[in-house]
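Trainee: Below you'll find the structure I mean.
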Amino acid sequence: MKTCIITNSHPSNDVRLYYKLGTSLTQLGEVYIISTTGMVNDHSNPYQRIVSASSPIKALPLLYKECKELAPELVLCIEPSTMLVGMILRKNIGCKIIFDVHEFFADAHAEHSKIPIKPFVKLIYLAIERFLAKRADAVTAVNQEILNQLFPADPHAKNLLVMPNFPVKHVWDYKCDTPGSLTQLCAMRFDLIYIGGITKDRGIIKILKSASLLKNEFPELKILILGKFHDANIESKFIESVDRYNLHAVIYYQEWIAPEKIGLLLKRSRFGLWLFNPKNKRMLMATPLKVLEYLAAGLPVITIKTPLMQSLIGVNQLGELCSYRARDIAKTISKMLRLPKDEYQAFSARCIEISETRFNWEKLEAGFFALIKSLR
Numbered sequence: 145m146k147t148c149i150i151t152n153s154h155p156s157n158d159v160r161l162y163y164k165l166g167t168s169l170t171q172l173g174e175v176y177i178i179s180t181t182g183m184v185n186d187h188s189n190p191y192q193r194i195v196s197a198s199s200p201i202k203a204l205p206l207l208y209k210e211c212k213e214l215a216p217e218l219v220l221c222i223e224p225s226t227m228l229v230g231m232i233l234r235k236n237i238g239c240k241i242i243f244d245v246h247e248f249f250a251d252a253h254a255e256h257s258k259i260p261i262k263p264f265v266k267l268i269y270l271a272i273e274r275f276l277a278k279r280a281d282a283v284t285a286v287n288q289e290i291l292n293q294l295f296p297a298d299p300h301a302k303n304l305l306v307m308p309n310f311p312v313k314h315v316w317d318y319k320c321d322t323p324g325s326l327t328q329l330c331a332m333r334f335d336l337i338y339i340g341g342i343t344k345d346r347g348i349i350k351i352l353k354s355a356s357l358l359k360n361e362f363p364e365l366k367i368l369i370l371g372k373f374h375d376a377n378i379e380s381k382f383i384e385s386v387d388r389y390n391l392h393a394v395i396y397y398q399e400w401i402a403p404e405k406i407g408l409l410l411k412r413s414r415f416g417l418w419l420f421n422p423k424n425k426r427m428l429m430a431t432p433l434k435v436l437e438y439l440a441a442g443l444p445v446i447t448i449k450t451p452l453m454q455s456l457i458g459v460n461q462l463g464e465l466c467s468y469r470a471r472d473i474a475k476t477i478s479k480m481l482r483l484p485k486d487e488y489q490a491f492s493a494r495c496i497e498i499s500e501t502r503f504n505w506e507k508l509e510a511g512f513f514a515l516i517k518s519l520r
């Protein structure tokens with residue numbers, strides 16, 4: 145079976161697309177990941193191709209042309225806009241299409257709108273997304289809440305499948321070269337690490353305020369922030385706060401790096417941070433990949449107390465929960481940093497064990513292949 149994965153917003157070496165969906169599907173045949181950015185690979189399956197376009201919309205006809213020439217039996221559409229490409233391909237070449245929904249698109253889109261019109265923007269976007277999702281032969285989503293949102297009448301239909309963004313088993317059990325840009329960081333040890341997008345609602349300012357409360361208690365405290373800023377104003381506030389709180393010896397910032405290199409820095413850290421604003425419903429309902437990657441690296445997680453995080457981190461004793469207040473966060477971090485060595489090692493061992501036995505991508509493959517088989 146030949147499969148194409150098409151995207152106009154993710155690089156061809158995106159973790160979920162290449163290392164998970166793409167690699168799994170090679171067990172069924174040839175796989176081509178077609179994107180507007182990323183790596184080009186014509187030598188090994190899954191293959192990676194790039195189309196050159198000045199915008200996501202202008203990329204759509206190019207994705208269509210590239211995919212049509214390959215004549216796949218199955219097409220995975222990663223965004224609502226690429227579902228349009230999938231629908232035309234199905235009409236013209238008779239392929240099956242799967243819509244892989246990896247986030248709450250309507251909620252994310254509405255967040256960029258002004259408060260008075262946010263609900264209306266969400267409703268309009270959600271209506272469009274539901275229209276497209278109903279026209280897919282099957283839909284996969286990273287959690288059940290997304291399917292509940294897209295298919296309120298029947299969110300457990302046979303052609304719907306929850307495929308959480310679990311890391312690949314033993315994801316960090318490999319050796320890779322250390323790039324020159326990471327040489328200094330890889331020679332250090334960090335108490336705390338945050339990986340992912342850097343925004344206000346992802347708690348970046350809370351991290352800095354907590355660090356300012358902890359630096360006297362822990363003079364050698366080191367926190368690594370790894371990711372991209374999505375707002376120039378937040379980046380400016382980050383720099384200003386580091387100066388104001390005198391955190392130059394505490395906070396270390398590294399721009400985003402290749403996914404396969406992240407393990408180098410996780411292995412230099414003790415605890416993972418996921419301090420999100422619980423008022424943000426999109427973050428409240430989703431388990432981010434970063435948390436699962438922390439666990440796979442043996443890092444206990446310090447996060448916000450919500451029903452979802454309680455069921456994952458609290459119940460399984462994989463870290464500590466706190467409120468979304470800098471003082472409470474600092475108190476919780478202090479408690480974890482003072483753990484005796486044997487207690488920390490027990491936390492770390494539980495994180496690795498649950499990742500290897502429950503929260504790994506390989507656990508999802510059988511259900512995914514069964515869904516594909518049902519479409520033939």
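So for the sequence shown, the numbering used here puts the first residue at 145; every next one is plus one.
Glycine included, each C-beta is placed from N, C-alpha and C at the ideal position.
Since this is a predicted model, take the numbers as computed values, not measurements.
Check whether the region 431–448 and the region 410–419 touch, using three or more Cβ-Cβ pairs below 8 Å as the test.
Mentor: The answer is yes - the region 410–419 touches the region 431–448, with three or more Cβ pairs under 8 Å.
Trainee: Per DSSP, which one or two residues make a beta bridge with LEU220?
Mentor: In the sequence shown, counting from the first residue as 1, residue 220 sits at position 76. Note: LEU220 sits in a beta bridge opposite ILE149 and ILE242.
Trainee: By how many angstroms is the C-alpha of ALA203 removed from the C-alpha of SER196?
Mentor: Walking along the sequence shown from the start, residue 196 turns up at place 52. Walking along the sequence shown from the start, residue 203 turns up at place 59. Distance between the alpha carbons of SER196 and ALA203 is about 7 Å.
Trainee: Please work out which residues of its chain come closer than 6 Å, Cβ to Cβ, to LEU452, disregarding the five sequence neighbours upstream and downstream, and give them in chain order.
Mentor: On the sequence shown, position 308 is the one that residue 452 refers to. For LEU452, where only same-chain residues beyond five positions count, there are no Cβ hits under 6 Å.
Trainee: What are the start and end residues of the alpha helix (DSSP H) that includes SER413?
Mentor: Taking the sequence shown and counting its residues from 1, the one referred to as residue 413 is at position 269. Run containing SER413: none in the alpha helix (DSSP H); it sits in the beta strand (DSSP E), 413–418.
Trainee: Ignoring anything shorter than 4 residues, give me the alpha helix (DSSP H) runs that lie fully in the region 436–515, in order along the chain.
Mentor: For the region 436–515, whole alpha helix (DSSP H) runs of length 4 or above, ordered along the chain, are 470–481 and 485–501.
Trainee: I'd like to check one pair, VAL175 with THR147: are the Cβ atoms closer than 7 Å?
Mentor: Taking the sequence shown and counting its residues from 1, the one referred to as residue 147 is at position 3. Taking the sequence shown and counting its residues from 1, the one referred to as residue 175 is at position 31. For THR147 and VAL175, yes; Cβs fall inside 7 Å.
Trainee: Got a sec, what are the start and stop residues for the beta strand (DSSP E) LEU576 sits in?
Mentor: There is no way to answer for residue 576, as the model of the chain reaches only from 145 to 520.
Trainee: Give the DSSP bridge partners of SER179, in chain order.
Mentor: Counted from its first residue, the sequence shown places residue 179 at position 35. The partner list for SER179 (beta bridge, DSSP) reads ILE194.
Trainee: Counting along the chain, where does the alpha helix (DSSP H) carrying PHE264 start and finish?
Mentor: By one-based count along the sequence shown, residue 264 stands at place 120. Taken as a continuous stretch (DSSP letters only), the alpha helix (DSSP H) holding PHE264 covers 262–277.
Trainee: Which class does THR167 belong to by DSSP, given the choice of helix, strand or coil?
Mentor: Translated into positions along the sequence shown, residue 167 becomes position 23. Correct three-state label for THR167: helix.
Trainee: Below 6 Å CB to CB, which residues in the same chain sit around VAL435 once its five sequence neighbours on both sides are set aside?
Mentor: Position 291 of the sequence shown, counted from the start, is the residue given in the question as residue 435. Answer for VAL435: TRP418 and VAL445, listed in chain order.
Trainee: Taking its Cβ as the centre, do 16 or more other Cβ atoms sit within 10 Å of ILE261, making it buried, or is it exposed?
Mentor: Translated into positions along the sequence shown, residue 261 becomes position 117. Counting Cβ neighbours within 10 Å, ILE261 comes out exposed, since fewer than 16 surround it.
Trainee: Which residue or residues does DSSP assign as beta-bridge partners of ALA285?
Mentor: Numbered from its first residue, the sequence shown carries residue 285 at position 141. In the DSSP output, where bridge partners are listed per residue, ALA285 has VAL245 and VAL306.
Trainee: With a threshold of 8 Å, are at least 3 pairs of Cβ atoms found where one atom belongs to the region 368–382 and the other to the region 307–319?
Mentor: No, they do not touch.
Trainee: Let's see if you can read the secondary structure: which residues bound the alpha helix (DSSP H) around ILE383?
Mentor: Residue 383 sits at position 239 when you count from the first residue of the sequence shown. Taken as a continuous stretch (DSSP letters only), the alpha helix (DSSP H) holding ILE383 covers 376–388.
Trainee: By the DSSP assignment, the beta strand (DSSP E) with LEU391 in it spans what residues?
Mentor: Mapped onto the sequence shown, residue 391 falls at position 247. First-last for LEU391: undefined, no H or E at that position.
Trainee: Figure out for me which residue from TRP400, SER257, ALA282 and HIS253 has the closest Cα to the Cα of LEU270.
Mentor: Against the sequence shown, residue 270 aligns to sequence position 126. The option with the nearest alpha carbon to LEU270 is HIS253.
Trainee: Return the CA-CA distance between MET332 and ILE367, expressed in angstroms with no decimal places.
Mentor: For the purposes of this step, residue 332 is taken as residue 188 along the sequence shown, with counting starting at 1. For the purposes of this step, residue 367 is taken as residue 223 along the sequence shown, with counting starting at 1. Going by the C-alpha atoms only, they are around 11 Å apart.
Trainee: In the DSSP assignment, find the beta strand (DSSP E) that holds ILE337 and state where it starts and stops.
Mentor: On the sequence shown, residue 337 is found 193 positions in, with the first residue counted as 1. From DSSP, the beta strand (DSSP E) with ILE337 extends over 334–339.
Trainee: Just the C-alpha distance for LYS479 and GLY340, rounded to the nearest angstrom, thanks.
Mentor: Residue 479 sits at position 335 when you count from the first residue of the sequence shown. Residue 340 sits at position 196 when you count from the first residue of the sequence shown. Going by the C-alpha atoms only, they are around 24 Å apart.
Trainee: For GLN293, name the three-state secondary structure that DSSP assigns.
Mentor: Position 149 of the sequence shown holds residue 293. Reduced to three states, the DSSP call for GLN293 is helix.
Trainee: What residue range is occupied by the uninterrupted alpha helix (DSSP H) comprising GLU210?
Mentor: Against the sequence shown, residue 210 aligns to sequence position 66. Unbroken alpha helix (DSSP H) run through GLU210: 200–214.
Trainee: Reducing DSSP to helix, strand and coil, say where ILE401 ends up.
Mentor: Taking the first residue of the sequence shown as position 1, residue 401 is located at position 257. Of the three classes helix, strand and coil, the one that applies to ILE401 here is coil, per DSSP.
Trainee: In terms of DSSP beta bridges, what is ILE342 paired with?
Mentor: Residue mapping note: residue 342 aligns to position 198 of the sequence shown, counting from 1. Answer is PHE373.
Trainee: For ASN185, which of helix, strand or coil comes out of DSSP?
Mentor: If you number the sequence shown from 1, residue 185 lands on position 41. Strand at ASN185.
Trainee: Tell me whether the beta-carbon of ARG494 lies closer than 7 Å to the beta-carbon of GLN461.
Mentor: Locating residue 494 in the sequence shown gives position 350, where the first residue counts as 1. Locating residue 461 in the sequence shown gives position 317, where the first residue counts as 1. Cβ atoms of ARG494 and GLN461: closer than 7 Å.
Trainee: Using the C-alpha atoms, what's the distance from LEU481 back to ASN390?
Mentor: Position 246 of the sequence shown, counted from the start, is the residue given in the question as residue 390. Position 337 of the sequence shown, counted from the start, is the residue given in the question as residue 481. Using only the alpha carbons, I get a separation of about 21 Å.
Trainee: Label ASP158 either buried or exposed according to how many other C-beta atoms from any shown protein chain fall within 10 Å of its C-beta, with 16 as the threshold for buried.
Mentor: Residue mapping note: residue 158 aligns to position 14 of the sequence shown, counting from 1. It is buried - the Cβ of ASP158 has at least 16 other Cβ atoms within 10 Å.
Trainee: Give the secondary structure of ASP321 by DSSP, where H, G and I count as helix, E and B as strand, and everything else as coil.
Mentor: On the sequence shown, residue 321 is found 177 positions in, with the first residue counted as 1. Coil, per DSSP.
Trainee: Count the CB pairs spanning the region 397–416 and the region 425–432 that are closer than 8 Å, and state whether there are at least three.
Mentor: The answer is no - the region 425–432 does not touch the region 397–416, with fewer than three Cβ pairs under 8 Å.
Trainee: If I measure Cβ to Cβ from GLY230 and keep anything under 6 Å in the same chain, skipping five residues before and after, which residues do I get?
Mentor: Within the sequence shown, the letter at position 86 stands for residue 230. Once the five neighbours on either side are set aside, the close Cβ partners of GLY230 are VAL219, CYS221 and ILE241.
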